[in-house]
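Q:
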Amino acid sequence: MRCAARTLKRIYSSHNLAAVHHARNRLETGGIRAVVKNEFLSSAMGDLPPAECQAEVWVLSEKDFQAAETILQNAFSLKSGEPWKCHSCGETCEGQFTQCWRCGAYRAG
Ligand SMILES: [Zn+2]
Numbered sequence: 089m090r091c092a093a094r095t096l097k098r099i100y101s102s103h104n105l106a107a108v109h110h111a112r113n114r115l116e117t118g119g120i121r122a123v124v125k126n127e128f129l130s131s132a133m134g135d136l137p138p139a140e141c142q143a144e145v146w147v148l149s150e151k152d153f154q155a156a157e158t159i160l161q162n163a164f165s166l167k168s169g170e171p172w173k174c175h176s177c178g179e180t181c182e183g184q185f186t187q188c189w190r191c192g193a194y195r196a197g
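Residue 89 is where the sequence shown starts when you use my numbering, and the numbers rise one by one after that.
(1) When DSSP labels each residue in this structure, what does THR186 get in the three-state scheme?
(2) Span of the beta strand (DSSP E) holding ARG98?
(3) According to DSSP, is ALA106 helix, strand or coil?
(4) Within 10 Å of its beta-carbon, does GLN161 have 16 or more other beta-carbons around it, so buried, or fewer, so exposed?
(5) What residues come near ligand 2, if near means a beta carbon less than 5 angstroms from any of its heavy atoms?
(6) According to DSSP, what are the bridge partners of PHE144?
(7) Hey, would you say LEU96 sits closer than 8 angstroms to TRP146, going by beta carbons?
(8) According to the Cβ coordinates, are GLU157 and ILE99 closer than 8 angstroms?
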């Protein structure tokens with residue numbers, strides 16, 4: 089029996105929709121087909137959604153999973169070191185953060 093869902097693998101999940109779409113875009117840029125699930129479930133205003141309502145990124149082909157992991161590790165790599173300046177609000181952020189603690193903007197590059 090064929091079941092298409094079996095070849096799907098979840099590669100990433102987050103309450104942060106921007107991060108989820110960022111992840112998917114990175115995968116697509118790397119030539120990996122990926123889809124976002126649950127994005128509308130996690131958009132409740134004000135409250136944090138329950139864990140099962142996190143938005144998720146799934147890769148469509150299991151053979152791409154390792155490459156996808158590598159891409160995401162690079163995309164979200166926690167580089168400790170130099171503080172960086174937010175391109176959006178100008179705040180200085182610690183090197184280990186990939187997102188501005190003040191306005192939520194992503195570190196450029
Ligand atoms: Zn900022």
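Built from N, CA and C at the ideal position, the CB exists for glycine as well.
All figures in this text were calculated on a predicted structure; none of them were measured in a lab.
A: With the structure as the only source:
(1) Against the sequence shown, residue 186 aligns to sequence position 98. Coil, per DSSP.
(2) Locating residue 98 in the sequence shown gives position 10, where the first residue counts as 1. Element bounds for ARG98: 97-102.
(3) Walking along the sequence shown from the start, residue 106 turns up at place 18. Correct three-state label for ALA106: helix.
(4) Here residue 161 corresponds to residue number 73 of the sequence shown, with the count starting at 1. Exposed, by the Cβ-count rule.
(5) With respect to small molecules bound, the structure shown includes ligand 1 and not ligand 2.
(6) Within the sequence shown, the letter at position 56 stands for residue 144. Rather than Phe, the amino acid found at residue 144 in this sequence is Glu. DSSP lists SER101, LYS125 as partners of GLU144.
(7) Taking the sequence shown and counting its residues from 1, the one referred to as residue 96 is at position 8. Taking the sequence shown and counting its residues from 1, the one referred to as residue 146 is at position 58. Contact flag set, yes.
(8) Against the sequence shown, residue 157 aligns to sequence position 69. Against the sequence shown, residue 99 aligns to sequence position 11. Their beta carbons are under 8 angstroms apart, which means GLU157 touches ILE99 by this criterion.
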